[in-house]
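Number of protein chains: 2
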Amino acid sequence: MTAFRKTHFPLGQIRRHLEPGPIVLISSAWKGQTNIMTMGWHVMLSFSPALFGTYIWDGNHSFEMLRRSKECVTNVPTVDLIEEVVGIGNSSGDRIDKFKEFGLTPVPGLVVRAPAIKECYASFECQLIDAKLIPKYGLFIWRVVKAHVAASVKSPQTIYYRGQGVFMVAGRTINRRRKFKPQNL
Amino acid sequence: MTAFRKTHFPLGQIRRHLEPGPIVLISSAWKGQTNIMTMGWHVMLSFSPALFGTYIWDGNHSFEMLRRSKECVTNVPTVDLIEEVVGIGNSSGDRIDKFKEFGLTPVPGLVVRAPAIKECYASFECQLIDAKLIPKYGLFIWRVVKAHVAASVKSPQTIYYRGQGVFMVAGRTINRRRKFKPQNL
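Protein chains in written order, with the working numbering: chain P, 1 to 185; chain R, 186 to 370.
Following this line, the structure appears as structure tokens:
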């Protein structure tokens, strides 16, 4: 596993990493415990402020930790972490320490207490700014307050969940920049 | 362009096509006009009922058409439609008929009045069930009421937007089914 060296990334551009809809690892901390969950139900909601929504099932051990701590780090793994992604998604933090169990390195957040995951190429520190949609839709509205991305990673081999245990890995890129209106870039 | 032959697809499994976060084409109809928009800010919210959320900017011509008609079709294009996806995203329906302009074929919805796009391999008919989050978050909560998917398409070459005019095309698949707990499949 690669322990990425990440640097500050502009909040106004985080859509580049989140809009494509990759599987993310949500890390949390509450009352001296940390946890990680695998998650694919998320959405960009605003550029500035940088808002991000996540659906989280209340059966997840992370649910109460996130709701109470009002913080998380959204980490984006690449395909070299596929076994960890699957393992984390198929185990529960009420019985194991997932950082230890899966050999991942917690990195203290700069703004939030939840730890980032060193082995993910991008980490976004988030604060819960609206909990009102949780009861009806399981929807947490986060404000991303700090972004860390490994500048060395140009075309991240992010992974996408297709259900039934099948993942898709990011493929080739196509640049259509010249076909865009400047205001749409 | 392929005019896909789609058949009924179970609503409880639409996550297979929407969770990976591909660029979608949202089609709408209102007062005798139709429109299409390109969109990547969406999220699965529930299996049953099949709920799906979309962020839509109020500067889009589709915004009022969707809000008033309370219906849409969410169509999933593949990479052979990349030029249409870019063209649709960089033009406005207040000046052109996008179906005509981009040579796409509208197919009447079975449940909703908004037309599906024949050249997309998957189409999901949606009804707006909650408009309350639109003013604050631009978030439309849709219930998918009918799903149509081309059974012939096994690993769709869906496309993902990375910002700045750059798209990523779906790559290889990895099957980790045997590592999943049955209740997580």
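Glycine included, C-beta positions come from ideal geometry on N, C-alpha and C.
When beta bridges are read from the DSSP output, Val43/P appears opposite Gly53/P.
Following the DSSP letters along the chain, one finds Ser69/P inside the alpha helix (DSSP H) bounded by residues His61 to Ser69. With a threshold of 9 Å between beta carbons, Glu84/P makes no contact with chain R. Under the 9 Å criterion on CB atoms, Ile281/R is classed as non-interfacial with respect to chain P. Excluding the 5 residues flanking it on each side, Gln342/R has same chain C-beta neighbours closer than 6 Å at Thr263, Val264, Val354 and Ala355, in chain order.
It is roughly 5 Å from the alpha-carbon of Gly138/P to the alpha-carbon of Ile56/P. Within the segment 192-205 of chain R, Gln198, Arg200, Arg201, Glu204 and Pro205 place their CB atoms closer than 7 Å to a CB of chain P, listed in sequence order. Relative to Val261/R, the option among Leu203/R, Trp327/R and Lys364/R whose CA is nearest is Leu203/R.
Chain-order list of chain P residues neighbouring Gly225/R: Glu19, by C-beta distance under 7 Å.
For the segment 24-38 of chain P, the set of residues with a beta-carbon nearer than 9 Å to any beta-carbon of chain R is empty. Look at Tyr161/P here: in three-state DSSP terms it is strand. According to the DSSP assignment, Glu286/R belongs to the alpha helix (DSSP H) that extends over Lys283 to Glu286. Cβ contact annotation for Trp30/P (same chain, cutoff 6 Å, sequence separation greater than five): Met65, Arg68 and Ser69, in chain order. Rounded to whole angstroms, the Cβ separation of Ile88/P and Met44/P is 23 Å, and the two are not in contact under 8 Å. Taken in chain order, the complete alpha helix (DSSP H) segments of 4 or more residues contained in the segment 110-139 of chain P are 134-137.
A distance of 9 Å or more separates the beta carbons of Gly217/R and Trp327/R. Distance between Asn369/R and Phe232/R, taken at the CA atoms: about 13 Å. Under the three-pair Cβ rule at 8 Å, the segment 186-197 of chain R does not count as touching the segment 102-113 of chain P.
At least one CB of chain R lies nearer than 9 Å to the CB of Ile141/P. In the structure shown, the three-state DSSP call for Lys331/R is strand.
At a beta-carbon threshold of 7 Å, the residues of chain R lying near Ala170/P are Met353 and Gly356, ordered along the chain.
In this structure, the CA atom of Val144/P is about 36 Å from the CA atom of Arg280/R.
Contact with chain P is absent for Leu289/R, since none of that chain's Cβ atoms lies less than 9 Å from the residue's Cβ.
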